[in-house]
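Numbering follows the working numbering, in which position 92 of the sequence shown is assigned residue number 350; successive positions increment by one, without gaps. All residues carry an ideal CB built from backbone N, CA and C; glycine is no exception. Bear in mind that the values here come from a model prediction, so they are computed numbers and not experimental data.
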Amino acid sequence: MDTINTEVARQLAEELPPSVLRSIITTFEADIGRLAQELLAAGRAGNAEGYHRAAHSIAGAASAVGASRLEREARMAMNPAHHEPPHVVMPRLMLEAKAAIEALRLLRP
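Have a look at this one:
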């Protein structure tokens with residue numbers, strides 16, 4: 259599975275004006291950073307609802323830009339059947355977030 263869904267990336271790069279694409283990427287970076295902190299804080303506090311909400315938001319943001327592997331990690335984090343503690347989930351999630359951001363930066367005109 260690619261870091262970024264190539265079809266979604268192609269659509270973003272071809273269909274959006276460069277300034278809009280830059281704005282989407284910048285917003286995605288900021289949102290993922292904020293949401294990752296919320297996920298970590300909720301996990302440390304034992305706040306299952308907050309943890310699920312942050313993971314769901316990460317999955318949605320990732321899906322919107324075609325960040326397939328990040329979306330998969332976030333969906334696994336919010337799945338009670340695949341329960342792993344935050345200290346296990348966070349390194350993988352952050353690795354995928356960084357990879358997605360780097361891949362998206364390559365789309366910038």
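For residue i and residue j, what's the separation of their Cα atoms in angstroms?
| i | j | result |
| --- | --- | --- |
| His310 | Ala335 | 8 Å |
| Ala339 | Gln269 | 34 Å |
| Ala303 | Glu273 | 42 Å |
| Pro276 | Lys356 | 22 Å |
| Thr264 | Glu329 | 14 Å |
Hey, residue i and residue j: beta-carbon distance below 8 Å or not?
| i | j | result |
| --- | --- | --- |
| Ala271 | Leu353 | no |
| Glu296 | Ala312 | yes |
Could you round the C-beta distance between residue i and residue j to whole angstroms and report it? I think they count as a contact, below 8 Å.
| i | j | result |
| --- | --- | --- |
| Leu293 | Ile316 | 5 Å |
| Glu331 | Leu351 | 5 Å |
| Ala267 | Gly318 | Not quite, the Cβ-Cβ distance comes to about 17 Å (not below 8 Å), so this is no contact. |
| Pro344 | Leu298 | 6 Å |
**Asked** Residue ranges of each alpha helix (DSSP H) run of no fewer than 4 residues wholly in the segment 321–345, ordered along the chain?
**Response** DSSP runs (the alpha helix (DSSP H)) wholly in the segment 321–345: 326–336.
**Item:** Any alpha helix (DSSP H) of 4 or more consecutive residues that is wholly inside the segment 273–318
**Value:** As far as the segment 273–318 is concerned, its whole alpha helix (DSSP H) runs of at least 4 residues are 276–303.
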